[in-house]
Amino acid sequence: MNNIVLGILQAVVIAAVAPFFSGLGRVITAKMHNRRGPSIFQDYRDIAKLMARPESQSEDASFALRIMPAIFFAVSFMLAMGLPIFTLESPMPVFGDAITIMYSLALARFFFALCGVDSSNAYAGVGGIRELLMSVLIEPSMLLALFATALVCGSTDIATMGQHIVTGAIDAPVAVILAGIAFCLACYMELGKLPFDQAEAEQELQEGPLAELSGPSLAIAKLAMSMKQVIVVAWFCAIFIPWGEPATMGAMAAAGALIFLVKCLVDFVLVGVISNSVSRSRFKNLGNQTWAVVGIAVLAFVFVVVGV
Amino acid sequence: MSMTLFMASLAVSCVAALASVLCIKADNTAKTLGCLGGAVAAVLSLAAGTLAVFGDVTSIDTVVLFPFAHFELLLNQLAGLFVMLISVLALAGSIYGLSYFDEYPGKKGRAGFFLNTFIASMMLVITADNVFWFLVAFELMSLTSYFLVVIEENDASIHGGWLYFVIAHVGFVLIMASFLIMSNFCLGEFSFSAFRANAFDPTVASICFLLAFFGFGAKAGIIPLHSWLPKAHPEAPSNVSALMSGGMIKIGIFGILKVSLDLLSASGTQAWWGMLVLAIGAISSVLGVAFALQEHDIKRLLAYHSVENIGIILLGVGAAICAMSLEYQGIAVLALMAALYHTFNHAMFKGELFLGAGALLYATGTRNMEKMGGLFRRMPVTAICFLIGSLAISAIPPLNGFVSEWFTYQSLFNVAQLEDKAVMAVAVLSGVALAITGALAVTCFVKAYGVSFASAPRSKAAAEAKEVPAPMVIAQVLLAAACVVLGVCAPWIAPVIADIAISVLHPHGGVFASEGLALTNQYSGAATSTPAIAIALVVIVVAVIAFRKAMQVAPAQKSAPWACGYAPNEDMPVVATTFASDVAWFMQPLYDLRDNCTKVCWSIARIFQKLVGIAETVEPVPDKVLVDAPHKGVEWLAQVSTKLEGGNYSIYICYIVVALVVFLALAVFMG
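Chains A and B, in that order, give the protein sequences. Residue 501 in our numbering sits at position 290 of the first sequence; the count goes up by one each step and never skips. Residue 1578 in our numbering sits at position 215 of the second sequence; the count goes up by one each step and never skips.
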């Protein structure tokens, strides 16, 4: 019971800080463009403003467009309850399995893309298709990196993997480091930042499948999307940078939360700097870049086989 | 008890088939009798299968017609699972047929006859425990389904049917060869129980395995023997497509399991068999879904997805064989459980999707998704059922496809942890193939659902479509509900299927069985995630929607979709081709490969054409010998007999006396 409460608390904290980190990205972008830019809390204001607005909806759309923000938010919230974010233990281990996480994200993606098609807006539909194809190119290397790490740690449970790595009880450290690099790159692509921001690759595809959302629906979808970014970062941290988090649930989790927020801050600043230092790659060249990640993941697996 | 119910179901199927034929002139009566009989038979066999799964294992062994081959039926737990699976599909298909066969005026009696015989023959294949009867039932299954494929009698169906006919028989020959080799090494015994008891030489066992794997693989539609699936399945009536894609190709899986893990169990499995099965499974799953993405004919798309799912099932089977050969029984049980679970799941969601595709065809008159669109508002129940099927086949939690794919991942992961490095590499790469497949399947079903049901209608037929009649709706809801139940109730269903896997791998129970259960329970711990996921998702989604409703200041205002300032028109939204062209950009080599393979197929077709030409010239020769000679003989006999039979009574009496004497003499000498 305690764990359920802690899980919900953890998810609520993630939901509360998510707009801060997306706002941080906007601030960094503005500073690097030599603009004054918005306040770091601008995303909170945007969400509050949208919540108070009436909605406008495409006349061809059906329930898929209506339900998408709720499902996207539900998936993000559920994963935030299950990941070992503030401690090395997962509050709700049923949601904390690597494969379950991958396929839960697929649920969000299914409706995200379907919403684009459903809105009958040509640009939103194309954005949805690009989002799906991105995942086709990312998921193989993501899974291979996860499998390589899981083989070294003996479980596909995220918390167990993190605990093995934090204690150093692993046979093939080089393999884990390589797998970490591959997973890090895959997560970066999953964040949808430059140079891989394909859903917004054209001026018309701005915001991809969100184009036809408005009012509270758009606010919920925006919140869910920024939560998903924090969760992807948390996913990476839970497996490959678990140091500093307390071992068990309890009052220490509060300290763990602070440590996590510091990790997130560092990661998002890095992400912000990188995404503003590169140009956008062409959608059709994406396949060439993902091959590199597949290569690193395969290398990690080879090291697992060799046992180094 | 289970066998009595099973025989009753077969009898009802036969009666229903006969009734359809007898009433063939009264089209609608024939249809009603055939479909209702089919539904009753399905309920009976479902009960029989359920009893068998829960341990009521029964068999019969009698002599029917052929003393050399006893009529042996064995309804064990494994057979029970497959009987259940086909019964559920048959039940849904029969109810569905009540309305759907109206699309085939003048052929309803025929459809009713072949539907019932097709189902009965599948049931016989599953339970037959004797080579002879197995092969007879297998052939019967191929023939009855062939007639259902060509029922429309147009060019496409005849071409598809012919391809199916040829590949089914190539497979049949391989299977027969495998069984006859085994029989030969069992002193000519035709009973499967003799094969089970016999330990074959490893080389012989490998040959038998390879023959059976490719023979049954042709039925299952593994790549490279898949080409008939997308041609034949779409041509059959949609409820028959559901039975073929959901049920019949599973007989191929059943055969592979039966040969590798049951009949050859005493000889021991070999790791390379498992690696071969894994490799073929991985290739089938990735290519199957990649080809499906290019289709805009919804039934062809679904048929290609069957290739994909057969591949996923084979990943479980291959992992089980690997684990058995390395003597890790617990992992083998887990892997076989994953394979069996996915087999059942695929039957449910693929059945649902084919029935949904049939409903689309019924309502719009086309299978081309480009001409649909906006059907959610016209056919909401079909749309929701199709969406559930789409989510299930894309392995989205908390539905059933996710559960079995999760178990497949876990078994691949566990097999990869064993000491054999080659097995490890193959298992991990299969896992990667499964990940690619999963991502592509999501893309493909966003396309299938989105292009057909979402957005705006793209043709007059789609704009005026109506929801399908009640029987078709009921059948779809039945299978969609099965998808949800099999997913959300996984923690209670998985142990039952694990029990079946144990009965296959360790028929005598004992230490292994208990160890297997302990191991599976340890792994299946996280499978309890589906109820939790379902609860979490439903609660949060409802809460968010309620919150949004509370925030709403005014009802949503309808507007035309934004088209960057242009007036939006129906040509703008994405269609099936939009998906296909983007995917083709990244996967062109795969499609080139397929096109090249189809070229090879054409050269084979030319060989067949030549064969036909030769046959036409050769055909009259035996006719002269076989038909003309007896004909002349009969004429000669007639001439002779007119001499014997001159109308003279005394000669007739003479014949009788001679006959009497001959019989008496015979009696005396024999006595």
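Quick reminder that beta carbons are idealized off the backbone N, C-alpha and C, glycines included.
- Taking all protein chains shown into account, do 16 or more other C-beta atoms lie within 10 angstroms of the C-beta of A/Ile-388, making it buried, or fewer, making it exposed? The residue given as residue 388 of chain A occupies position 177 in the first sequence. A/Ile-388 is exposed by the Cβ-count criterion.
- Specify, as a first and last residue, the run of the beta strand (DSSP E) that A/Leu-421 falls within. Looking up residue 421 of chain A in the first sequence gives position 210. Counted as a single uninterrupted DSSP element, the stretch harbouring A/Leu-421 is not any beta strand (DSSP E), since DSSP gives it neither H nor E.
- Out of A/Gly-498, A/Ile-278, A/Thr-459, A/Ser-250, point me to the one whose CA is closest to A/Pro-176's CA. Here chain A comprises residues numbered 212 to 519, so residue 176 of chain A is not present and cannot be evaluated.
- Message: Can you find the residues in the same chain that come closer than 7 Å, C-beta to C-beta, to B/Val-1533, ignoring five residues on each side of it along the sequence?
- Response: By one-based count along the second sequence, residue 1533 of chain B stands at place 170. Hits under 7 Å: Ala-1581.
- Quick one: complete beta strand (DSSP E) runs, 3+ long, within the segment 1725 to 1764 of chain B? Counting only runs of 3 or more, we get nothing.
- Query: Using a C-beta cutoff of 9 Å, does A/Thr-360 count as contacting chain B?
  - Reply: Taking the first sequence and counting its residues from 1, the one referred to as residue 360 of chain A is at position 149. Chain B contact via Cβ: absent.
- Task: Check whether the Cβ atoms of B/Arg-1741 and B/Pro-1820 sit closer than 9 Å, and answer yes or no.
- Result: Position 378 of the second sequence, counted from the first residue, corresponds to residue 1741 of chain B. Position 457 of the second sequence, counted from the first residue, corresponds to residue 1820 of chain B. The answer is yes: Cβ separation under 9 Å.
- Residue nearest to B/Leu-1697 in terms of C-alpha spacing, selected from B/Ile-1684, B/His-1709, B/Phe-1707: Stepping through the second sequence from its first residue, residue 1697 of chain B is reached at position 334. Nearest Cα to B/Leu-1697 within the set B/Ile-1684, B/His-1709, B/Phe-1707: B/Ile-1684.
- Task: Please classify B/Arg-1663: is it buried, with 16 or more other beta-carbons within 10 angstroms of its beta-carbon, or exposed?
- Result: Walking along the second sequence from the start, residue 1663 of chain B turns up at place 300. Only buried fits B/Arg-1663, as 16 or more other CB atoms lie within 10 angstroms of its CB.
- Beta-bridge pairing of A/Gln-268 - partner residues as DSSP gives them: Taking the first residue of the first sequence as position 1, residue 268 of chain A is located at position 57. Answer by DSSP bridge pairing, in chain order: B/Lys-1921.
- Item | Residue environment, A/Arg-256, which counts as buried when at least 16 other CB atoms sit within 10 Å | By one-based count along the first sequence, residue 256 of chain A stands at place 45. Flag for A/Arg-256 reads exposed.
- Message: Looking at chain A, is there any beta carbon in it that lies within less than 9 Å of the beta carbon of B/Pro-1858?
- Response: Locating residue 1858 of chain B in the second sequence gives position 495, where the first residue counts as 1. Not closer than 9 Å to any Cβ of chain A, the Cβ of B/Pro-1858 fails to qualify, so no.
- Could you tell me whether the Cβ of A/Arg-341 comes closer than 9 Å to any Cβ of chain C? Any reference to chain C falls outside this structure, whose protein chains are A and B.
- Task: Please decide whether A/Phe-306 counts as near chain B, where near means a Cβ-Cβ distance under 9 Å.
- Result: As a working note, residue 306 of chain A is residue 95 in the first sequence. Against chain B, the CB of A/Phe-306 has a partner CB under 9 Å away; the residue lies at that interface.
- Query: Between B/Ala-1393 and B/Gly-1460, which are expected to be in contact by the criterion C-beta below 8 Å, what is the C-beta distance as a whole number of angstroms?
  - Reply: Reading the second sequence from its first residue, position 30 is the one you call residue 1393 of chain B. Reading the second sequence from its first residue, position 97 is the one you call residue 1460 of chain B. Not really, about 11 Å apart at Cβ, beyond 8 Å.
- Using the rule of at least 16 other Cβ atoms within 10 Å of the residue's Cβ for burial, across every protein chain shown, is A/Arg-246 buried or exposed? Position 35 of the first sequence, counted from the first residue, corresponds to residue 246 of chain A. Burial call: exposed.
- Item | Contact set for A/Ala-275: own chain, Cβ-Cβ below 6 Å, skip 5 residues either direction | Sequence index remark: in the first sequence, residue 275 of chain A carries index 64 (1-based). Excluding positions up to five away in sequence, the list reads Leu-325, Cys-326, Asp-329.
- Task: Locate the beta strand (DSSP E) running through B/Leu-1437, then write down its first and last residues.
- Result: Position 74 of the second sequence, counted from the start, is the residue given in the question as residue 1437 of chain B. Looking at the DSSP string, the run of the beta strand (DSSP E) that includes B/Leu-1437 is 1434 to 1438.
- Message: Contact criterion: CB-CB distance below 9 Å. Does A/Asn-487 meet it with respect to chain B?
- Response: Within the first sequence, residue 487 of chain A is the residue found at index 276, counting from 1. Closer than 9 Å: no.
- Message: Please classify A/Gly-234 as buried or exposed, where buried requires at least 16 neighbouring CB atoms within 10 angstroms.
- Response: Within the first sequence, the letter at position 23 stands for residue 234 of chain A. It counts as buried.
- Message: Please report the distance separating the alpha-carbon of B/Ile-1530 from that of B/Ser-1767.
- Response: Residue mapping note: residue 1530 of chain B aligns to position 167 of the second sequence, counting from 1. Residue mapping note: residue 1767 of chain B aligns to position 404 of the second sequence, counting from 1. When rounded, the distance between both Cα atoms is 29 Å.
- According to DSSP, residues forming a beta bridge with A/Asp-308: The residue labelled residue 308 of chain A in the question sits at position 97 within the first sequence. Checking the DSSP bridge columns, you'll see A/Asp-308 partnered with A/Asp-368.
- Message: Could you give the first and the last residue of the continuous beta strand (DSSP E) run that contains B/Asp-1350?
- Response: Not covered by the structure: residue 1350 of chain B. The range shown for chain B is 1364 to 2034.
- Item | Backbone secondary structure at A/Ser-233 - three-state DSSP | Here residue 233 of chain A corresponds to residue number 22 of the first sequence, with the count starting at 1. In this structure, A/Ser-233 counts as helix in the three-state DSSP scheme.
- Other residues of its chain near A/Ser-425: CB distance less than 6 Å, five sequence neighbours each side excluded: If you number the first sequence from 1, residue 425 of chain A lands on position 214. Glu-266, Ser-267.
- Query: I think B/Pro-1597 touches B/Ala-1666, with their Cβ atoms under 8 Å apart; what is that distance to the nearest whole Å?
  - Reply: Residue numbering aside, residue 1597 of chain B sits at position 234 when the second sequence is read from its first letter. Residue numbering aside, residue 1666 of chain B sits at position 303 when the second sequence is read from its first letter. That belief holds up - the Cβ atoms of B/Pro-1597 and B/Ala-1666 are roughly 6 Å apart, short of 8 Å.
- Item | Close-in-space but distant-in-sequence residues of the same chain around B/Ile-1759 (CB under 7 Å, 5 per side omitted) | Start at 1 with the first residue of the second sequence, and residue 1759 of chain B comes out as number 396. Excluding residues within five positions, the ones whose Cβ falls inside 7 Å are Phe-1765.
- Would you mind sorting B/Ser-2004 into buried or exposed? The rule is 16 or more other CB atoms within 10 Å of its CB. Taking the second sequence and counting its residues from 1, the one referred to as residue 2004 of chain B is at position 641. Around the beta carbon of B/Ser-2004, a 10 Å sphere encloses fewer than 16 other beta carbons of the protein chains shown; the residue is thus reported as exposed.
- Query: Can you round the beta-carbon distance between B/Leu-1718 and B/Met-1735 to whole angstroms, since I take them to be within the 8 Å contact cut?
  - Reply: Taking the second sequence and counting its residues from 1, one reaches residue 1718 of chain B at position 355. Taking the second sequence and counting its residues from 1, one reaches residue 1735 of chain B at position 372. For a cut-off of 8 Å, the C-beta gap from B/Leu-1718 to B/Met-1735 is around 16 Å, too long to register as a contact.
- Query: Hey, does A/Pro-546 have any beta-carbon neighbour from chain B nearer than 9 Å?
  - Reply: Since the first and last residues shown for chain A are 212 and 519, residue 546 of chain A lies out of range.
- Task: Give the C-beta separation of A/Cys-475 and A/Phe-232 to the nearest angstrom, bearing in mind that I take them to be a contact with Cβ-Cβ under 8 Å.
- Result: Counted from its first residue, the first sequence places residue 475 of chain A at position 264. Counted from its first residue, the first sequence places residue 232 of chain A at position 21. Between A/Cys-475 and A/Phe-232, the beta carbon gap of about 6 Å places them in contact (Cβ cut-off 8 Å).
- Message: Along the segment 288 to 300 of chain A, where does the CB come closer than 8 Å to a CB of chain B? Name the residues.
- Response: Residues of the segment 288 to 300 of chain A with a C-beta less than 8 Å from any C-beta of chain B: Phe-288, Met-289, Met-292, listed in chain order.
- Taking just the CA atoms, how far does B/Leu-1506 sit from B/Gly-1523? Your numbering for residue 1523 of chain B matches position 160 in the second sequence. Your numbering for residue 1506 of chain B matches position 143 in the second sequence. C-alpha of B/Gly-1523 to C-alpha of B/Leu-1506: approximately 14 Å in a straight line.
- Using a beta-carbon distance below 9 Å, is B/Lys-1921 in contact with chain A? Counted from its first residue, the second sequence places residue 1921 of chain B at position 558. B/Lys-1921 counts as touching chain A.
- Item | Local conformation of B/Ser-2013 per DSSP, three classes | As a first step, residue 2013 of chain B must be located in the second sequence, where it is residue number 650. For B/Ser-2013, the secondary structure class from DSSP, reduced to helix, strand or coil, is helix.
- Task: Drop a sphere of 10 angstroms on the beta-carbon of B/Ala-1978, count the other beta-carbons inside from all chains shown, and report buried for 16 or more, exposed for fewer.
- Result: For the purposes of this step, residue 1978 of chain B is identified with residue 615 of the second sequence, where counting begins at 1. Classified as exposed, B/Ala-1978 has fewer than 16 neighbouring CB atoms from the shown chains inside 10 Å of its CB.
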